């Protein structure tokens, strides 16, 4: 995720792309998850219990579900962006100005962690340890739990918006192709731009489907099995959810040519970086300094081959 973030920021064409801003939001969210939640999860499973105290357990659940919401709402923003580009192309540049993009990003993060602040502060439910799976999650308080409501508003509703948006995108693209039949072909540049937009839309749809496959089992288990009747199903669902934080960069590299170019550009930069060259040169000259035991033999051989150096 860190490499993806740097690669996108270094690629001139992608850096100025509106969708890239929301993809970067996804990368940062996944990076936070990998940096905070996964190490704590590893400790939890190695110890087979939570040994880091109730406060850190609450923060674990807060960051976990907050990042999940950020990922999903970022995908909603991407989907709406794709639909606007296809359905309202003439208004696109007016809708997606730099200021409006930043407002959308701030709203994504504020709403996501704002919702999770309710159980964190004990206003609606609470965050704590579930002994059955020794996991830090959303727990009932005073007989009331916000799980089902948070699931409906923070997961089900965004998924419906994404599915409807992609259905509309598919319908509009299909209608456009029908209208173009029998007419003159598009210019080369326009056709290329439409092809790139189509590939980007396919990439974002793939990301959403993978996200859904990873997180839907966890959401279903959390809502339908409050009493943890099947702990092993909760564990499998959790593992799938953790996997979502590492699969997106693999999807970028596998499905989109522009993103592969961004990775290649970063690797080329690292290879040609002066610091990297000096490090490589230094590693190649190890054993050839005047302090090296092979220095005298190398010097003697060099003089034999080039007597004029005397």
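In the working numbering, the protein residues as written are 3 to 312. Positions of the beta carbon are idealized from the N, C-alpha and C atoms, including for glycine. It should be emphasised that the depicted structure is a prediction, and the values quoted were computed from it without experimental measurement.
Less than 8 Å between the C-beta atoms of residue i and residue j, yes or no?
i: residue 267; j: residue 13; result: yes
i: residue 62; j: residue 39; result: yes
i: residue 140; j: residue 133; result: no
i: residue 111; j: residue 72; result: yes
i: residue 36; j: residue 246; result: no
i: residue 219; j: residue 242; result: yes
i: residue 20; j: residue 98; result: yes
i: residue 201; j: residue 258; result: yes
i: residue 121; j: residue 129; result: yes
i: residue 244; j: residue 100; result: no
Using CA coordinates, which residue listed in the options is at the minimum distance from residue i?
i: residue 54; options: 106, 24, 137 and 20; result: 137
i: residue 203; options: 82, 4, 60 and 31; result: 82
i: residue 102; options: 23, 229 and 206; result: 23
i: residue 145; options: 158, 135 and 126; result: 126
i: residue 50; options: 129, 135, 56 and 76; result: 135
i: residue 117; options: 131, 156, 52 and 150; result: 156
i: residue 209; options: 151, 174, 161 and 233; result: 161
i: residue 142; options: 212, 229, 174 and 223; result: 229
i: residue 214; options: 56, 175, 159 and 86; result: 159
When we look at the beta-carbon of residue i and count the other beta-carbons within 10 Å, is it buried (16 or more) or exposed?
i: residue 6; result: buried
i: residue 84; result: buried
i: residue 60; result: buried
i: residue 272; result: exposed
i: residue 52; result: buried
i: residue 124; result: exposed
i: residue 28; result: buried
i: residue 169; result: exposed
i: residue 240; result: buried
i: residue 178; result: exposed
Using only the alpha-carbon positions, how far apart do residue i and residue j sit?
i: residue 70; j: residue 167; result: 20 Å
i: residue 104; j: residue 11; result: 16 Å
i: residue 106; j: residue 41; result: 30 Å
i: residue 114; j: residue 92; result: 31 Å
i: residue 25; j: residue 225; result: 29 Å
i: residue 74; j: residue 109; result: 13 Å
i: residue 176; j: residue 211; result: 21 Å
i: residue 151; j: residue 216; result: 20 Å
i: residue 171; j: residue 96; result: 20 Å
i: residue 8; j: residue 174; result: 34 Å
i: residue 58; j: residue 231; result: 26 Å
i: residue 269; j: residue 181; result: 43 Å
Cutting at 6 Å between CB atoms, please list the residues of its own chain near residue i, excluding the five before and the five after it.
i: residue 163; result: 78
i: residue 153; result: 221 and 225
i: residue 191; result: The predicted model places residue 191 with a pLDDT of 47, which falls under 50 and marks its position as unreliable; any figure quoted below should be read in that light. Excluding positions up to five away in sequence, the list is empty.
i: residue 67; result: 118
i: residue 31; result: 69, 72 and 73
Short of 7 Å in beta carbon distance, which residues of its chain neighbour residue i, apart from the five on each side in sequence? Order them along the chain.
i: residue 17; result: 10 and 11
i: residue 262; result: 255
i: residue 4; result: 33
i: residue 223; result: 235, 236 and 239
Only counting the same chain, and skipping five residues up and downstream in sequence, which positions put a Cβ closer than 8 Å to that of residue i?
i: residue 227; result: 235 and 236
i: residue 165; result: none
i: residue 15; result: 260
i: residue 206; result: 21, 77, 80, 81 and 84
i: residue 233; result: 134 and 135
i: residue 56; result: 130 and 131
Is the CB of residue i under 8 Å away from at least one CB in chain B?
i: residue 139; result: Checking the listed chains, one finds no chain B in this structure; it contains a single protein chain.
Can you tell me whether residue i sits near the ligand ZN, meaning its C-beta is under 7 Å from at least one heavy atom of the ligand?
i: residue 68; result: Within the structure as shown, the ligand ZN is missing, as the structure has no ligands at all.
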